[in-house]
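Let me begin by presenting the structure, written as structure tokens, before commenting on it.
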Amino acid sequence: MKIAQWELTVPLKGILFDLDGTLVDTAPDLCGTIQDMQSDRGVDITPYRAMEHLASGGARALLKAGFGLEMNYPEFPAMRAEFLERYEARIARESAVYSGIIPLLNEVKARGAQWGIVTNKPYYLAEKLVHELGLTHGCSVLIGGDTAEKPKPSPLPCFMAAGEMRLPTEQCVMIGDDERDVIAGREAGMATVAVEYGYIASPIDQWGADAIVKTAHDLAKWLEIRM
């Protein structure tokens, strides 16, 4: 595991997580929404396994996988709106917090650190999902994809999260399952951790994260000696 100089001198006080594919396995409901839309239109159903790895890409990636739609297609805005409406209606039907995450979050609080969420999911959907899965308690900050001026990989959401926690960015870590999480955290001056258990769409060892972990349990072990 790569050891950076900050790890030896600065304790982590702000633990920031991506949402989809990092805290919560949301793929069943995201992919299920596409399958519902396909079923209603009488077209072939895309297998779950063929879309699962695209879950972190949100509506754009899933509509392309399910219907071949690009953002510049005239029907894309209406299809995206339908997707979001349908997804909101079933947002936590099958989604679940990853095994090991709740004990990890409890340990973060027990050690006097804060944790929060920085996601590219629209804020209203992120807030609803977090509430329905019981993650609201203890969460210090929730930054959605439309909260800051630009979403990840821009560092602006990470800067905003650190500001709301009243912490310098060098005392924060950004954790996620997508390269944009690593880019955003790094450009904000934060430590970065990539998680292998999420929806990996590109070679994780090429992202430049300070650490790569396989499970939430491994993530907990990495964090506990750095808080």
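Numbering-wise (the working numbering), the sequence shown opens with residue 1392 and increments by one.
All C-beta atoms in this analysis are idealised placements derived from N, C-alpha and C, irrespective of residue type, glycine included.
Rounded separation between residue i and residue j - CA only
| i | j | result |
| --- | --- | --- |
| residue 1560 | residue 1434 | 48 Å |
| residue 1444 | residue 1590 | 4 Å |
| residue 1488 | residue 1414 | 6 Å |
| residue 1540 | residue 1550 | 11 Å |
| residue 1525 | residue 1535 | 17 Å |
| residue 1461 | residue 1448 | 13 Å |
| residue 1469 | residue 1457 | 15 Å |
| residue 1455 | residue 1484 | 23 Å |
| residue 1473 | residue 1573 | 31 Å |
| residue 1423 | residue 1401 | 43 Å |
| residue 1554 | residue 1582 | 16 Å |
Assigned exposure category for residue i - 16 Cβ within 10 Å defines buried
| i | result |
| --- | --- |
| residue 1596 | exposed |
| residue 1431 | exposed |
| residue 1512 | buried |
For residue j and residue i, believed in contact at Cβ under 8 Å, the rounded distance
| i | j | result |
| --- | --- | --- |
| residue 1495 | residue 1607 | 6 Å |
| residue 1409 | residue 1569 | 7 Å |
Option nearest residue i by Cα separation, candidates the options
| i | options | result |
| --- | --- | --- |
| residue 1613 | 1554, 1518, 1499 | 1499 |
| residue 1482 | 1582, 1519, 1578, 1537 | 1519 |
Cut-off 7 Å between Cβ atoms - residues of its own chain near residue i, not counting five sequence neighbours on either side
| i | result |
| --- | --- |
| residue 1436 | 1426, 1429, 1430 |
| residue 1584 | 1564, 1566, 1600, 1601, 1602, 1604, 1610, 1613 |
| residue 1527 | 1521 |
Cut-off 8 Å between Cβ atoms - residues of its own chain near residue i, not counting five sequence neighbours on either side
| i | result |
| --- | --- |
| residue 1558 | 1404, 1405, 1505 |
Close Cβ partners of residue i (< 6 Å) along its chain, the five nearest in sequence each way excluded
| i | result |
| --- | --- |
| residue 1616 | none |
| residue 1531 | 1505, 1507, 1556 |
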